[in-house]
Structure formats: C-alpha cells, structure tokens
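A.B. asks: Attaching a single structure in structure tokens format; questions to follow.
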Amino acid sequence: MTQRSFQSLPTETMCSIFKIILESMVEDDMTATPKNEHRMLARGLPFPHTVALVCKRWRNIVFSMPELWTRISWAPSTNDQWVSSQLQKTGSHPVHFVIKDKFLGRIFPPYFTLLYLQRLKSLIITGVFDEYRNLDALAGYAPQLDCLRLTDVRRHHYTIGLEPCSKLVCPALRTLHIDKNIACHLNLQWFKNNMQHVEVLTIYGGSPINRMASMTLGQTLQAIPRQIPCLILDDLQFVIAYPGTYADAITIWAEKVILRRCIEDALTAFSGECQTIVLQECDSIHGLRRLSLPRSNSLELDRCAATRGLRWIPKTRPWHGDTVTIVNSHSSCIKIIFYFLGAPFARRNCSLWPRVTTLNLIARDDFVMELPLMILKAMVSSRREAAGQENSWKDVCELDDAVRPLRMLHVYGAQPLPREEEVWFKSQVRDFVWD
Numbered sequence: 011m012t013q014r015s016f017q018s019l020p021t022e023t024m025c026s027i028f029k030i031i032l033e034s035m036v037e038d039d040m041t042a043t044p045k046n047e048h049r050m051l052a053r054g055l056p057f058p059h060t061v062a063l064v065c066k067r068w069r070n071i072v073f074s075m076p077e078l079w080t081r082i083s084w085a086p087s088t089n090d091q092w093v094s095s096q097l098q099k100t101g102s103h104p105v106h107f108v109i110k111d112k113f114l115g116r117i118f119p120p121y122f123t124l125l126y127l128q129r130l131k132s133l134i135i136t137g138v139f140d141e142y143r144n145l146d147a148l149a150g151y152a153p154q155l156d157c158l159r160l161t162d163v164r165r166h167h168y169t170i171g172l173e174p175c176s177k178l179v180c181p182a183l184r185t186l187h188i189d190k191n192i193a194c195h196l197n198l199q200w201f202k203n204n205m206q207h208v209e210v211l212t213i214y215g216g217s218p219i220n221r222m223a224s225m226t227l228g229q230t231l232q233a234i235p236r237q238i239p240c241l242i243l244d245d246l247q248f249v250i251a252y253p254g255t256y257a258d259a260i261t262i263w264a265e266k267v268i269l270r271r272c273i274e275d276a277l278t279a280f281s282g283e284c285q286t287i288v289l290q291e292c293d294s295i296h297g298l299r300r301l302s303l304p305r306s307n308s309l310e311l312d313r314c315a316a317t318r319g320l321r322w323i324p325k326t327r328p329w330h331g332d333t334v335t336i337v338n339s340h341s342s343c344i345k346i347i348f349y350f351l352g353a354p355f356a357r358r359n360c361s362l363w364p365r366v367t368t369l370n371l372i373a374r375d376d377f378v379m380e381l382p383l384m385i386l387k388a389m390v391s392s393r394r395e396a397a398g399q400e401n402s403w404k405d406v407c408e409l410d411d412a413v414r415p416l417r418m419l420h421v422y423g424a425q426p427l428p429r430e431e432e433v434w435f436k437s438q439v440r441d442f443v444w445d
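Under this note's numbering, think of the first position of the sequence shown as 11, with each following residue one higher.
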C-alpha cells in the first residue's frame with residue numbers, strides 16, 4: 011500500500027493501525043531478540059516520531075493520541091530532556107518502559123520516578139545492572155505492571171544489586187522474562203508474593219549452568235506458589251558433571267513446558283510432569299534416543315531438525331503420552347519421530363511411544379514440509395500389526411500398555427496426496443485428514 015493509499019484512509023482506521031503497530035512493538039520487547047522491523051528507527055528517532063514526520067495529517071493524528079507515546083525507550087545515549095518530554099505526552103495512560111544497553115557509569119534514569127510506578131504497564135531492563143546506584147526507584151507498588159523482563163546481570167554481587175528489585179510489588183504480573191542469574195539470586199519471597207497470576211514464565215540461559223546454580227534454580231521454581239500455565243526454558247545449558255543429581259534438584263511444575271534450542275541438557279536436568287512438552291528450534295532431535303521425556307499427555311516439535319541420523323534405537327526409555335504434533339520441522343526430524351513411533355528401523359520395529367494415538371503434521375506460513383510418505387505408511391502399518399488387527403479399532407483404554415494404533419492422523423500443508431494413497435490411509439486410520 012502506497013502513502014497515497016494511506017492518505018485516503020479514514021482517521022479512525024489510521025488510529026487503529028498505529029495502535030496495532032505499538033502493540034506489536036510492546037509484545038516484541040518481551041522476546042530475547044527483538045525483530046529489526048519493530049524498532050522503527052529513522053534519524054535515530056523511535057516510533058511514533060517516525061510516523062509524525064511523514065506528513066501534517068499523520069503528525070496531527072499522532073499528537074492527538076497520547077497512548078501512542080506510551081512506549082518509552084531509554085539508553086545511555088538518550089537525551090533525558092527528550093524522554094521527559096515524551097513522558098508528558100502520555101497523559102495518564104499506562105506506560106511501557108524499555109531500558110537497554112549498559113549504564114556505562116550512569117545512574118538509573120532520574121526521571122523514572124515521574125512514572126510513579128502506578129502507571130507502569132510493562133518494564134524491560136536489559137544489561138543495565140553493571141551499576142547498582144539509584145536502583146531504589148524500582149522499589150514500590152506497581153498495580154498495573156503485567157509484563158516484566160530483567161536480563162543480563164553480569165557481576166558477582168547479584169544479591170546486593172537485586173535487593174531493590176525484591177521490593178517491587180506487582181500483583182497484576184502476567185508475563186515474567188528473566189535470565190538464569192536473576193532466577194537464581196532474586197529473593198525467593200518475591201516469587202512467592204508476585205507469581206500468583208503469572209501465565210508465562212521465561213528463563214533464559216545462554217551459557218553453562220553448574221551444579222550449584224541448578225540447585226538454586228530448582229529452589230526458585232519450588233518457591234512459585236502455583237502451577238504456571240506456561241514455562242519457557244530458553245537455551246538453558248546444564249553442565250552434566252554429576253549424573254543423577256539434577257533430577258532431584260529441579261522439578262517441573264507447569265501445565266505447558268517449552269524447551270527452546272538446548273533441549274538435551276534440560277531434559278536430563280528436569281523431572282516432574284506436565285500436560286504438554288514443546289521442543290522448539292532444536293537441531294538435535296536425534297538425541298532423544300538416549301533421553302527420557304517427562305510425563306506429559308502431548309509432545310510438540312516446533313521448527314526442529316536433526317543434524318545426525320539414527321544409528322540405533324533403544325528398547326527402553328518409553329514415553330507414555332498420547333498426542334504428537336510436528337510443526338514447521340525438517341524432514342530429518344520427522345523421520346526420526348516416525349521411527350520412535352514404530353516405523354521399521356534396521357530390520358526391526360521398536361515403538362518408544364506406544365500410547366500415541368494422535369499425530370498432527372502441520373506446515374504454517376510459507377514453510378514447505380517434505381513428508382517421508384513411505385516411512386509414514388510403514389509406521390502406521392507397524393503400529394496396527396503390533397496392536398493386533400482385532401484390536402485396531404478398540405477403545406484405547408482397553409489396550410493397557412501395549413502398542414496402540416493411530417486413531418487420528420491430521421496433515422496440513424503437505425504435498426498433494428494421490429487418490430490411491432488417500433484411500434489406503436482412510437482404511438488404516440479412523441480419523442484421517444490431509445489438507
């Protein structure tokens with residue numbers, strides 16, 4: 011759409027578009043690596059200054075909407091007077107405050123107290139704890155704060171530096187993103203007091219975690235007073251130097267657990283159970299052959315691959331969930347999962363996941379899914395044979411711990427399926443969809 015096309019849009023529509031841009035940027039602030047297109051920089055100015063420079067009409071719209079100025083980004087190079095001016099433009103609207111990069115000897119932004127904490131809607135602080143002066147501005151009651159991100163603590167005196175943060179009271183907190191250092195050194199009482207309504211907790215690693223730190227991390231998770239709807243463990247790299255010690259130190263207590271990037275160490279270090287396990291952005295799915303998955307009902311593999319092929323499949327380490335979903339994953343990953351489900355490998359069948367009755371294969375957006383059709387058919391056949399032809403349509407609960415046939419196979423976004431193949435799958439699987 012050209013600028014001329016935008017000029018013809020009603021003012022109400024333009025306002026809605028600008029609000030959507032702001033909401034997208036605020037949401038992206040909570041991720042570990044913000045997308046470049048959401049930074050909206052031009053001449054060193056952030057949104058909505060860039061929009062106000064387009065034309066007089068856009069400038070009038072922007073200055074008539076105080077909510078567009080509520081995302082305030084501060085860095086050591088930022089002019090304090092300029093940020094203070096933007097604060098005044100926000101009126102009484104809740105504010106999204108982003109502090110990035112190192113302080114480089116500067117104190118916490120002095121105008122931060124102008125927010126009165128009561129207006130804070132989200133707070134993102136990255137790489138700013140190298141200086142511990144004036145952090146008392148974080149201590150207080152923030153009733154509207156629902157998104158908090160604190161990352162990149164680099165010094166060793168963590169407890170001293172984080173003491174003011176432990177006095178931040180945020181009863182409405184819904185999303186918390188912290189790195190492993192903050193998770194290990196922030197006051198445990200803070201987690202007990204502020205995690206009552208948290209829906210998503212993300213803990214970022216990025217570097218190896220030793221045995222002592224893993225035990226402390228386990229204490230932090232145990233301090234949370236309720237089961238979290240979603241726990242994201244992003245690139246947590248455990249040093250497996252003491253086999254058998256981690257399972258007792260860290261127990262999963264969440265409805266959904268997302269293991270991102272480094273999954274082998276995390277699976278070795280964690281125990282417990284949940285409803286859903288998601289393996290995300292992992293290129294070592296082949297490593298699952300020597301790992302035990304925590305107890306769960308469903309397993310999802312999102313944007314995964316395998317850099318190595320399988321040389322062997324163990325006869326033990328079974329997983330007893332009933333649903334597997336594979337999304338936007340490489341064919342190398344899909345093949346390995348099919349072997350785990352029971353496709354013949356090295357002249358023998360070995361279903362590590364005998365209770366799986368539902369398999370979803372999904373290609374989203376522009377992803378091209380290369381589906382190994384012959385291995386899929388071999389897996390479906392082998393599970394029916396292992397279950398016994400007479401048991402293939404029985405209720406799954408009648409089969410106890412034996413291998414169960416697939417009852418539901420849904421494929422979305424794959425290559426077209428020939429008619430004869432479609433007829434075969436429908437004869438083998440009760441609920442079959444290939445779209």
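For glycine and all other residues, C-beta sits at the position ideal for the given N, C-alpha and C.
Using a Cβ-Cβ cutoff of less than 8 Å, which residues in the same chain neighbour Arg393 once the five nearest sequence positions on both sides are dropped?
C.D. replies: The answer, listed in chain order, is Leu351, Gly352, Ser361, Val413, Arg414, Pro415, Leu416.
A.B. asks: Given this structure, state the Cα-to-Cα distance separating Pro328 from Gly423, to the nearest angstrom.
C.D. replies: If you take the alpha carbons of Pro328 and Gly423, they lie about 29 Å apart.
A.B. asks: Mapping DSSP to helix, strand and coil, what is Gln98?
C.D. replies: Residue state, collapsed to three classes: helix.
A.B. asks: Going by beta carbon distance, what residues of the same chain come within less than 8 Å of Asn307, once the five residues before and after it are set aside?
C.D. replies: Here the set comprises Gln285, Thr286, Gly331, Asp332, Thr333.
A.B. asks: Should Asp441 go down as buried or exposed, given a rule of 16 or more other Cβ atoms within 10 Å for buried?
C.D. replies: So Asp441 counts as exposed.
A.B. asks: Compute the Euclidean distance between the alpha carbons of Met50 and Leu419, then round it to the nearest angstrom.
C.D. replies: The predicted position of Met50 is uncertain, since its pLDDT is 41 and thus under 50; no value can be drawn from it.
A.B. asks: Output the distance between the C-alpha atoms of Arg429 and Val439, rounded to the nearest integer angstrom.
C.D. replies: Looking at the two C-alpha atoms, the distance is approximately 15 Å.
A.B. asks: With respect to the alpha helix (DSSP H) encompassing Leu383, which residues constitute its N-terminal and C-terminal limits?
C.D. replies: Segment 383-397, the alpha helix (DSSP H) holding Leu383.
A.B. asks: Of the residues Ile192, Gln237, Val72, Leu196, which one's Cα is nearest the Cα of Val208?
C.D. replies: Considering only alpha carbons, the answer is Gln237.
A.B. asks: If I'm right that Leu130 touches Phe107 with Cβ under 8 Å, what's the distance once you round it to whole angstroms?
C.D. replies: About 6 Å; that satisfies the 8 Å criterion.
A.B. asks: Indicate the three-state DSSP secondary structure (helix, strand or coil) for Gly331 in the structure shown.
C.D. replies: Three-state DSSP puts Gly331 in coil, outside helix and strand.
A.B. asks: Indicate the three-state DSSP secondary structure (helix, strand or coil) for Gln206 in the structure shown.
C.D. replies: Gln206 falls in the coil class under three-state DSSP.
A.B. asks: Put Ile308 into one of helix, strand or coil per three-state DSSP.
C.D. replies: According to the sequence shown, residue 308 is Ser rather than Ile. DSSP places Ser308 in strand when its eight states are reduced to three.
A.B. asks: Would Val210 and Thr185 be called neighbours here (beta carbons separated by less than 8 Å)?
C.D. replies: It is a contact, given that the beta carbons lie within the stated cut-off.
A.B. asks: What's the C-alpha gap between Trp68 and Ile134?
C.D. replies: Taking the straight line from one Cα to the other gives about 28 Å.
A.B. asks: Let me make sure I understand the geometry here. Which of Trp79, Cys25, Ala182, Leu311 has the alpha-carbon closest to that of Val267?
C.D. replies: Nearest of Trp79, Cys25, Ala182, Leu311 to Val267, Cα basis: Leu311.
A.B. asks: Using CA coordinates, which residue listed in Gln247, Pro235, Gly398 is at the minimum distance from Ile219?
C.D. replies: Cα-wise, what sits closest to Ile219 is Gln247.
A.B. asks: With burial defined as no fewer than 16 other Cβ atoms inside 10 Å of the residue's Cβ, what is the status of Tyr214: buried or exposed?
C.D. replies: By the neighbour-count rule (16 or more Cβ atoms within 10 Å), Tyr214 is buried.
A.B. asks: Between Pro239 and Gln206, how many whole angstroms is the CB-CB distance? I'm expecting something under 8 Å.
C.D. replies: Wrong, their Cβ atoms sit about 12 Å apart, outside the cutoff.
A.B. asks: Assuming Leu178 contacts Gly216 under a Cβ cut-off of 8 Å, what Cβ separation, rounded to an integer in Å, is found between them?
C.D. replies: In fact, because the Cβ distance is near 24 Å, the residues do not count as touching under 8 Å.
A.B. asks: Please list, in chain order, all residues of the same chain as Thr21 whose beta carbon is under 7 Å from its beta carbon, the five residues on each side excluded.
C.D. replies: Counting only Cβ-Cβ distances below 7 Å, and skipping sequence neighbours, we find Ile71.
A.B. asks: Within the same chain, show all residues whose beta-carbon is closer than 6 Å to that of Leu277, passing over the 5 residues directly before and after it, in chain order.
C.D. replies: Leu301.
A.B. asks: Return helix, strand or coil for Cys272, following the three-state DSSP convention.
C.D. replies: Coil at Cys272, not helix or strand.
A.B. asks: Measuring straight from C-alpha to C-alpha, what distance separates Thr261 and Val64?
C.D. replies: Using only the alpha carbons, I get a separation of about 53 Å.
A.B. asks: By DSSP's criteria, Tyr422 is part of a beta bridge. Which residues make up the other side?
C.D. replies: Answer by DSSP bridge pairing, in chain order: Ile372.
A.B. asks: At the level of alpha carbons, what is the spacing between Asp293 and Ser342?
C.D. replies: Near 9 Å, if we compare the C-alpha coordinates of Ser342 and Asp293.
A.B. asks: Let me know the secondary structure DSSP gives Glu431 once reduced to three states.
C.D. replies: Residue state, collapsed to three classes: helix.
A.B. asks: By alpha-carbon positions, which one of Cys25, Cys314, Asp245, Pro181 ends up nearest to Met379?
C.D. replies: For the residues Cys25, Cys314, Asp245, Pro181, the minimum Cα distance to Met379 belongs to Cys314.
A.B. asks: Since I believe Glu283 is in contact with Pro304 (beta carbons under 8 Å), could you give me their beta-carbon distance rounded to a whole number of angstroms?
C.D. replies: Yes, they are in contact, since the Cβ atoms of Pro304 and Glu283 sit about 6 Å apart, within 8 Å.
A.B. asks: Taking just the CA atoms, how far does Arg159 sit from Lys99?
C.D. replies: Each residue's Cα considered, the two are about 24 Å apart.
A.B. asks: What is the DSSP secondary structure of Val179, reduced to helix, strand or coil?
C.D. replies: Three-state DSSP puts Val179 in a strand.
A.B. asks: Expressed to the nearest angstrom, what Euclidean distance is found between the alpha-carbon atoms of Ser102 and Ser224?
C.D. replies: Distance between the alpha carbons of Ser102 and Ser224 is about 43 Å.
A.B. asks: Could you tell me the alpha carbon to alpha carbon distance between Phe28 and Phe57, rounded to whole angstroms?
C.D. replies: Looking at the two C-alpha atoms, the distance is approximately 10 Å.
A.B. asks: Tell whether a beta-carbon distance below 8 Å holds between Ile336 and Ile385.
C.D. replies: Going by C-beta atoms, Ile336 is not nearer than 8 Å to Ile385.
A.B. asks: Where does the unbroken alpha helix (DSSP H) through Thr21 begin, and where does it stop?
C.D. replies: From DSSP, the alpha helix (DSSP H) with Thr21 extends over 21-39.
A.B. asks: Since Gln290 is in the beta strand (DSSP E), which residue starts that stretch and which ends it?
C.D. replies: Residues 286-290.
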